[in-house]
Each structure stands twice: as structure tokens, then as C-alpha cells.
Amino acid sequence: MENTFKLIDGTFKAEEAKELLTNLYSDKIQFHSRKSFSMQERFGHPDEASLKRIPELKNTLNDICTMLNQLQNSTATLHIQANIVIKANEESK
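Numbering (the numbering used here), first residue to last: 171 to 263.
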């Protein structure tokens, strides 16, 4: 089973795009930070996948901000599309 859901599909000014994407990435970074902290508190070790994912997200956010800062004074508009794809993986017994 696989389903696709539209998350973002719109045209934005650079400032709007930066706000939208910064909020999205910041929320994802916070999610992983809380998850890792929770694992540390409950089980005595952080969530390794979250610790790996946080710097990846931060680097991507930095790249996005750099690109959008270059367009800050431009009259260009940006079309942004983002889909969420959910796939069910059947666990074998």
C-alpha cells in the first residue's frame, strides 16, 4: 500500500518561502531533538537515528537559507512542491 499526500504546492516570494521552509525544518529538528532526549531519559542512550538526522536537516536548512537569501531582493517568485509518500511495509514473521 502506498499513498501520496500534497503538503506544499504553491508560489511564494523568497521571504515567504524562507519562513515556510525554516518553520518546517525547525519543527523536524525539534522532533528529533525531543525524541533523542526522551530516549536518553528513559533508556540511558540517545536515539542514534535522530542524532544522525539532526545535522543533515540543519545542513539542508542552511543551504536553503543561503539560496533564498540570495533571492531576497529579487522580484522572482518560487514554486515549491512537497509531497508526503506513505508506504506500508509488511513485517515478516
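A virtual CB, placed ideally from N, CA and C, is assigned to each residue, including glycine.
These figures come from a predicted structure and were not determined experimentally.
Between which two residues does the alpha helix (DSSP H) holding residue i run?
| i | result |
| --- | --- |
| histidine 202 | 184-213 |
| glutamate 261 | Note, glutamate 261: premise wrong, no alpha helix (DSSP H); not H, not E. |
| asparagine 239 | 218-240 |
In the DSSP assignment, what are the bridge partners of residue i?
| i | result |
| --- | --- |
| leucine 248 | Phe182 |
| glutamate 172 | Lys257 |
Assuming the contact rule is C-beta atoms closer than 8 Å, residue i and residue j should be a hit. Round their C-beta distance to whole Å, please.
| i | j | result |
| --- | --- | --- |
| methionine 209 | histidine 202 | Not a contact, Cβ separation roughly 11 Å. |
| alanine 264 | leucine 231 | Absent from the structure is residue 264, since the part of the chain shown begins at 171 and ends at 263. |
| aspartate 197 | serine 206 | In fact, because the Cβ distance is near 15 Å, the residues do not count as touching under 8 Å. |
| glutamate 172 | lysine 257 | 5 Å |
Cβ of residue i versus every heavy atom of the ligand NAD: is any distance shorter than 8 Å?
| i | result |
| --- | --- |
| threonine 245 | By its list of ligands, the structure shown contains no ligand whatsoever, and the ligand NAD lies outside what it can speak to. |
Spatial neighbours of residue i within its chain, please: C-beta separation below 7 Å, excluding the five flanking residues on both sides.
| i | result |
| --- | --- |
| serine 244 | Ala184 |
| isoleucine 250 | Ile178, Gly180, Phe182, Ala187 |
Here's a check: name, in chain order, each residue in its chain whose Cβ is nearer than 6 Å to the Cβ of residue i, leaving out the five neighbours to either side.
| i | result |
| --- | --- |
| isoleucine 254 | Phe175, Leu177 |
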